[in-house]
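Colleague: Take this structure first; my questions come after.
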Amino acid sequence: MPIDTPPCDLLLTFARMCHMTLLAPMATMIPEWTLADRLRKARETTGLDQIEFAERSGISRTSITNYEQGKRAPRGLYLRAWSEATGVPVEWLETGTAPTEEVGAESSRLPESNWRPIHYE
-18 MPIDTPPCDL LLTFARMCHM TLLAPMATMI PEWTLADRLR KARETTGLDQ
32 IEFAERSGIS RTSITNYEQG KRAPRGLYLR AWSEATGVPV EWLETGTAPT
82 EEVGAESSRL PESNWRPIHY E
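In the numbering used here, the protein residues as written are -18 to 102.
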């Protein structure tokens, strides 16, 4: 092969010589996170280890371990406690999708910066 061959052609030739299969580009891969993965990621964003998180959330350390390893799935009460302790929406913990506001709900409310007490003059 000539020396001025483009690097990608060299790689393909090498792969063929070694009977290798080239994988699809990484940009096309989307990781699938399980409920256990999302629970662990949410806890890790707090910077707390499992013991500290157990104290903050009121969930036992054993349950936290079981949930994060996918051995058990938390019930609604525990998902809400997890959500409150991490600040992560319950919907994301359950489904992996960000919550969306109802259509029209946003337009019927004032932006938070415009909220004033009723007695405000």
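Glycine is no exception: its CB is placed at the ideal position from the N, C-alpha and C atoms.
1. Going by DSSP, what residue range makes up the alpha helix (DSSP H) through TRP63?
2. Count the other C-beta atoms from every protein chain shown that fall within 10 angstroms of the C-beta of THR46, then say buried if there are 16 or more, exposed otherwise.
3. Using the Cα positions of GLY77 and ARG19, report the straight-line distance between them to the nearest angstrom.
4. Under the rule that 16 or more other beta-carbon atoms within 10 Å means buried, what is GLU136, buried or exposed?
5. Secondary structure at LEU3, three-state DSSP: helix, strand or coil?
6. What whole-angstrom Cβ distance do ARG24 and THR67 have, given they're in contact under 8 Å?
Modeller: The answer reads as follows:
1. Along the sequence shown, one-based indexing puts residue 63 at 82. From DSSP, the alpha helix (DSSP H) with TRP63 extends over 57 to 67.
2. Sequence index remark: in the sequence shown, residue 46 carries index 65 (1-based). Classification for THR46: exposed.
3. Taking the first residue of the sequence shown as 1, we reach residue 77 at position 96. Taking the first residue of the sequence shown as 1, we reach residue 19 at position 38. Linking GLY77 to ARG19 through their CA atoms gives a straight-line distance of about 7 Å.
4. The requested residue 136 is not part of the displayed model; the chain covers only -18 to 102.
5. Walking along the sequence shown from the start, residue 3 turns up at place 22. Bear in mind that a pLDDT of 48 at LEU3, under 50, signals an unreliable position, so the number given afterwards is only what the model happens to contain. It is coil, neither helix nor strand.
6. Along the sequence shown, one-based indexing puts residue 24 at 43. Along the sequence shown, one-based indexing puts residue 67 at 86. Yes, ARG24 and THR67 are in contact; Cβ-Cβ is about 6 Å, under 8 Å.
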